[in-house]
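Numbering (the numbering used here), first residue to last: 1 to 153. Here is the structure we will look at, set down as structure tokens.
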Amino acid sequence: MTDMLKNTVAIFIFISCLFPVSLFAADAAPDEYIPSADLIEGNIRETDVTAAVEVVDVVKERGIPSNEDLGYIIYQVTAKVFHSYRGTFENGDEVVYRYLAEAGIEPLMPKTRHIVSLKKKDEGFIVPDVGYSFPYSDKLQTLYRKAAEKVSR
Numbered sequence: 001m002t003d004m005l006k007n008t009v010a011i012f013i014f015i016s017c018l019f020p021v022s023l024f025a026a027d028a029a030p031d032e033y034i035p036s037a038d039l040i041e042g043n044i045r046e047t048d049v050t051a052a053v054e055v056v057d058v059v060k061e062r063g064i065p066s067n068e069d070l071g072y073i074i075y076q077v078t079a080k081v082f083h084s085y086r087g088t089f090e091n092g093d094e095v096v097y098r099y100l101a102e103a104g105i106e107p108l109m110p111k112t113r114h115i116v117s118l119k120k121k122d123e124g125f126i127v128p129d130v131g132y133s134f135p136y137s138d139k140l141q142t143l144y145r146k147a148a149e150k151v152s153r
């Protein structure tokens with residue numbers, strides 16, 4: 001076996017370990033990540049607000065450290081709620097929140113839809129970490145509705 005082939009196989013095995021097939025729904029689109037029911041329920045339970053939103057505006061607040069080529073960027077997102085799973089927001093309400101992204105990663109874009117779980121802090125709502133915001137899909141919407149019903153019992 002050539003070194004190049006060995007390296008390719010090793011990389012494939014490494015990536016397979018990072019992203020096991022069980023993390024993805026069998027009927028999901030190829031690029032669509034579907035989180036587990038436990039993760040969804042935990043997000044709803046552990047946060048103040050969980051909602052499906054459409055992004056209206058995104059503003060870059062600052063880099064951490066101040067060099068924006070390295071580190072992280074804090075973005076402020078303004079979005080319209082189109083379904084609330086937990087919290088005081090209703091359809092049509094506007095929510096403003098912040099999220100942290102690695103420098104070099106494209107920010108959320110206006111008119112895109114997401115399901116987000118937010119924590120209330122002194123400075124407003126924040127996405128607490130990776131795994132609390134997902135691109136919207138009908139399948140994900142169904143899973144969040146079921147989880148919200150289960151959590152509210």
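For every residue, glycine included, the Cβ atom is placed at its ideal position computed from N, Cα and C. The structure presented is a predicted model; accordingly, all values stated were derived computationally and were not measured.
Cβ contact annotation for residue 112 (same chain, cutoff 6 Å, sequence separation greater than five): 55, in chain order. Short of 7 Å from the beta carbon of residue 78, and not among the five residues preceding or following it, lie these beta carbons of its own chain, in chain order: 56, 57, 94, 96. In this model, residue 48 and residue 118 are separated by some 6 Å (Cα to Cα).
A straight-line Cα-Cα distance of about 13 Å links residue 42 and residue 129. In this structure, 139 is the residue among 145, 153, 139 with its C-alpha nearest to the C-alpha of residue 34. Per DSSP, the unbroken alpha helix (DSSP H) holding residue 139 starts and ends at 138–152. Per DSSP, residue 42 is one residue of the alpha helix (DSSP H) stretching across 37–46. Around the C-beta of residue 124, fewer than 16 other C-beta atoms lie within 10 Å, and the residue is accordingly described as exposed. Ranking 134, 115, 73 by CA distance to the CA of residue 80 puts 115 first.
Linking residue 100 to residue 153 through their CA atoms gives a straight-line distance of about 32 Å.
DSSP places residue 85 within a strand segment (E or B) once states are collapsed to three. Apart from sequence neighbours up to five positions away, the residues of its chain that approach residue 110 with a beta-carbon distance below 8 Å are 55, 56, 57, 58, ordered along the chain.
Distance from residue 148 to residue 89 at the Cβ level is roughly 13 Å; contact not present, criterion being Cβ atoms closer than 8 Å.
DSSP places residue 106 in the coil class of the three-state scheme, outside both helix and strand.
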